[in-house]
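Enquirer:
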Amino acid sequence: MKTNWIMMAALASVGLAGCNGNSNKPANIAEGTTVTVALLETTDIHSNVLSYNYYALAEDTSLGLERTSTLIQAARAENPNNVLLDDGDVIQGTLLADLQAVAAPVPCTATLAVHKAMNALKYDAGGMGNHEFNYGLGYLSQITNTDFGIPGVSKPAGNCGAPTIPSVLSNVVGVASGKPIFNPYVLLPRDFAAVAPDGSKLNVKINIGVMSFVPPQILEWDQKVLAGKVSVTGVQEAAKQYVPELRAKGADLVVALSHGGLDPSAYSPKMENGSYHLAGTGIDALMIGHSHLIFPKGREAGAAALDASFAAFPASAKIDGDKGFVNGVPTVMAQSWGRRLGIISLTMVYQGGNWVVQQNKTTVESRGFKQADGSNVKADPAIAPLVASEHDATIAYARKPLGVSTDFEMSAYFALVGDVSAIELVNQAQLDYVKNFIATSTDATLASYKNIPVISCSSPFKAGRNGPSDFTDVAAGATPAAPVGLQVRNPGDLYLYSNNNLQAVKIKGSDLKAWLETSARQFAQIDPALSTEQDLVPTYSVIYNYDVFYAENNALTYQIDVTKPVGKRIVNLRYKGAAVGDGDDFIVATNDYRAGGGGAVPGIDGSKTIIKSPDANQAVVSNYLLALAGKGAGKVTLLDNGSARSWSFVKTATAGPVILRSAPGHLALAKSSGIANVVAEGALDASGFAKYSIDLSK
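And the structure:
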């Protein structure tokens, strides 16, 4: 538990004791006194303050910090000895966030809407996530009221509106100063109620140390705003530096806020999901995020099984998804968007001058919204008035017309079985941008690429990762002159990440096939002879890595054989009818995340990038639509912009049912869109997804 481990025979059955290095130990606490502390976690809020979907302009009772607040109040009532912590990815993710950061930036005198809510909830401390860096260091400096000490990055003078809680980050330092840009940790002294061995009550002081970690990949994902300004240390290295400092300063508990998932493979300082490897650094509790998953398994009636990604872990990893322990350390992940509250309840006994965690009395819960009657918890009525003006402004912003309409519904409900209605337009916009960039470039090298085929790839970013309400769905509109048409909110629905910038890479045919094989990992390996149900897409946790490729006039086509193992699924890869050779050249329009190595596509690591655009992919899509309006076309059509299906499954008959989990109630849309392999809609699963029957022989 502590930095210096001490085994005491008398406590072998209840836990481990550690030296906290504090010589000023209280003399008035009796041996055997116990205290129970509740560590509460939110993570990946992504500016979902209210239960509202700004892309759909509709209430969504399955999310929102205003409902998490109800869970927080209940947990605090259960145990007044509590601290509330946030694990990052707070400031980005909705149109509300984009409005406050980009469209109408908040001044120094104002506080972000999400921070207003967090201040009202009286969080005790907060960590950082990778998306905190999306809008740049200057913005982050302002909205956290923190001077980073980085040349060229200046916080506005005076006190800026900010969270009233300490912000910590343990593994990011300024390149010039070599010092952490945020405090690397905070020590929270808290007076908690305890129980003496004779049953009497007393107050004791518990010092809680809090650290925070982000993935090293921020340097790739936000290279345009971070390059040369900050560096990132591996999570283990940072923990081993700061845990001893916290112990020496009297920390009785050390909590790691790790904005990364669980990856039990061999440790590397460059790991994106290195949380697993913090468990052996002397911490007492691990609160994780980034993956938008539930850990441990939900306890509510009918709770969904753990995400399929956990099933791939070897038994030697010692990850207990039922009780919530990772290598003996209590660990929780509270999903995303405020949909859950992580609760680690630790009972400690005072023994030998130290507080010792009793592991057999430690419980971990990722508590969700669902109540016994199946309804979601009510929203805390105190939150909405705090952000009413920002909420109204976001709705007004979302409704601004683009002057373009569509004659078809662009959705991602069936993107994993071939529907491109929400993907083709994005690919067209990216492809058009890159072709024009090369055609008008004065750079001799780029000019020499004019005869190389340009293709594009994009992912169905909103295709179930955050539950059955998380799907792109842009309704068909009327004519440009009519009041209903595409609006500002729609490009964000089609392309979720406003921070991604368009880039292009020059690759070979062998690279293209490897890229497609990486995307095809999304699918399970289907056994045609199996008579029991098989889930075609077992996990949506990395749906943003499922790239769909496109070329003008649907010149690029390929098939996926889901009966084959990973790495051997792509067949019939053709360009203009001819088989793609390993040595063929292509230019691929994509985003900076993928071009720089995000998604671990073999060979796509930044070394093949030929265009680094200053423009965001989302803005490229929006400008493409505006250009249509300016040309007088004014309409996005199914024929031209939503029906070029570049890929299909190799036809396979199966003995048993194959299902795709998607939002319920859309079978008619699949049929009207010509997605013939979706043949029936079945029952709901525990997460609220409908199980659609997929006929792979069609």
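Residue numbers (this note's numbering): 26 to 723. Every residue, glycine too, gets a C-beta built ideally from N, C-alpha and C.
In terms of alpha-carbon separation, which member of D518, D216 and G314 lies closest to A488?
Expert: Cα-wise, what sits closest to A488 is D518.
Enquirer: Determine the direct distance from the alpha carbon of D560 to that of S48, and round the result to whole angstroms.
Expert: Note that S48 has pLDDT 41, beneath the 50 cutoff, so the model's placement of it is unreliable and no number is given.
Enquirer: What does the alpha-carbon distance come out to for the pair K531 and K475?
Expert: Looking at the two C-alpha atoms, the distance is approximately 12 Å.
Enquirer: Is it the case that the Cβ atoms of V255 and V197 are separated by a distance below 8 Å?
Expert: For V255 and V197, yes; Cβs fall inside 8 Å.
Enquirer: If you check the beta carbons only, do K533 and D457 fall under 8 Å apart?
Expert: No, these two residues do not count as a Cβ contact at 8 Å.
Enquirer: Taking the CB atoms as reference points, tell me whether H284 and F238 lie closer together than 8 Å.
Expert: A contact, by the Cβ cut-off of 8 Å.
Enquirer: So the candidates are Q453, K395, H416 and L653; which of them puts its Cα closest to the Cα of L511?
Expert: Among Q453, K395, H416 and L653, the Cα nearest to that of L511 belongs to L653.
Enquirer: From the DSSP output, in three-state form, read off A333 for me.
Expert: Here A333 sits in helix by DSSP.
Enquirer: Quick check on Y438: does DSSP put it in helix, strand or coil?
Expert: Note: Y438 maps to coil in three-state DSSP.
Enquirer: Quick check on this structure: which residue in K249, L65, E449 and V499 has the alpha carbon closest to the alpha carbon of S481?
Expert: Nearest of K249, L65, E449 and V499 to S481, Cα basis: E449.
Enquirer: Note down the Cα distance separating K460 from V479, rounded to an integer number of angstroms.
Expert: Cα to Cα, the separation comes out at about 7 Å.
Enquirer: To the nearest whole angstrom, what separates the beta carbons of V235 and L110, a pair I think is in contact under 8 Å?
Expert: Sure, about 6 Å apart at Cβ, within 8 Å.
Enquirer: Should S334 and R365 be called a contact, given that it needs their Cβ atoms to be closer than 8 Å?
Expert: For S334 and R365, no; Cβs fall outside 8 Å.
Enquirer: What residue from N184, A404, V220 and M312 has the CA that sits closest to S87's CA?
Expert: Checked all of N184, A404, V220 and M312; the closest Cα to S87 is A404.
Enquirer: To the nearest angstrom, how far is the alpha carbon of V412 from that of T588?
Expert: Distance between the alpha carbons of V412 and T588: 50 Å.
Enquirer: By DSSP, does A708 sit in helix, in strand, or in coil?
Expert: Of the three classes helix, strand and coil, the one that applies to A708 here is strand, per DSSP.
Enquirer: So, does the stretch 219 to 234 touch the stretch 114 to 134, judging by three or more C-beta pairs under 8 Å?
Expert: No: fewer than three Cβ pairs fall under 8 Å.
Enquirer: Under a Cβ-count criterion, where at least 16 other Cβ atoms within 10 Å of its own Cβ denotes burial, should S400 be classed as buried or exposed?
Expert: With fewer than 16 Cβ atoms within 10 Å of its Cβ, S400 is classed as exposed.
Enquirer: Please confirm whether G378 has its beta-carbon closer than 8 Å to some beta-carbon of chain C.
Expert: Of the protein chains in the structure, only one exists, and it is not chain C.
Enquirer: Report buried or exposed for N452, applying the criterion of at least 16 other Cβ atoms within 10 angstroms of its Cβ.
Expert: Buried, since its Cβ has 16 or more Cβ neighbours within 10 Å.
Enquirer: Sorted by chain position, which residues of the same chain lie with C-beta nearer than 6 Å to P493's C-beta, five sequence neighbours on each side aside?
Expert: Excluding residues within five positions, the ones whose Cβ falls inside 6 Å are A688, G713 and F714.
Enquirer: Just to check my reading of the structure: V193 and G152 have Cβ atoms closer than 8 Å, yes? What is that Cβ distance to the nearest angstrom?
Expert: Yes, V193 and G152 are in contact; Cβ-Cβ is about 6 Å, under 8 Å.
Enquirer: If you run the structure through DSSP and keep just helix, strand and coil, what is L396?
Expert: Checking the sequence shown, residue 396 turns out to be Gln, not Leu. Three-state result, Q396: coil.
Enquirer: Could you give the first and the last residue of the continuous beta strand (DSSP E) run that contains E66?
Expert: Here the beta strand (DSSP E) through E66 covers T59 to T67.
Enquirer: With 16 other CB atoms within 10 Å as the buried threshold, where does T169 fall?
Expert: Buried, since its Cβ has 16 or more Cβ neighbours within 10 Å.
Enquirer: With a threshold of 7 Å on Cβ separation, who are the neighbours of S202 within its own chain once the five nearest residues in sequence on each side are excluded?
Expert: Result list for S202: G174, in chain order.
Enquirer: Classify K226: buried if its beta carbon has 16 or more other beta carbons within 10 angstroms, exposed otherwise.
Expert: Classification of K226: exposed, given that the 10 Å Cβ count is below 16.
Enquirer: Residues in the same chain with beta-carbon distance under 6 Å from T634, minus the five sequence neighbours each way, listed in chain order, please.
Expert: The residues are Q528, V530 and A620.
Enquirer: Decide if P508 is buried, meaning its Cβ has at least 16 other Cβ atoms within 10 Å, or exposed.
Expert: The predicted position of P508 is uncertain, since its pLDDT is 45 and thus under 50; a value taken from the coordinates is nonetheless stated next. That one is exposed.
Enquirer: When DSSP labels each residue in this structure, what does K226 get in the three-state scheme?
Expert: Of the three classes helix, strand and coil, the one that applies to K226 here is strand, per DSSP.
Enquirer: Check each candidate in A604, I568, G592 and V382 and name the one with the smallest Cα separation from Y583.
Expert: For Y583, the nearest C-alpha among the options comes from A604.
Enquirer: Taking only three categories from DSSP, how would you classify S722?
Expert: Of the three classes helix, strand and coil, the one that applies to S722 here is coil, per DSSP.
Enquirer: Going straight from the alpha carbon of K348 to that of M312, what length do you get?
Expert: When rounded, the distance between both Cα atoms is 14 Å.
Enquirer: Measuring CB to CB, does D498 end up less than 8 Å from A218?
Expert: Contact: no.
Enquirer: Any contact between the stretch 545 to 556 and the stretch 674 to 682? By contact I mean 3 or more CB pairs, one from each, below 8 Å.
Expert: Contact between the stretch 545 to 556 and the stretch 674 to 682 is present, because at least three Cβ pairs lie under 8 Å.
Enquirer: Helix, strand or coil: which one does DSSP assign to K460?
Expert: Helix at K460.
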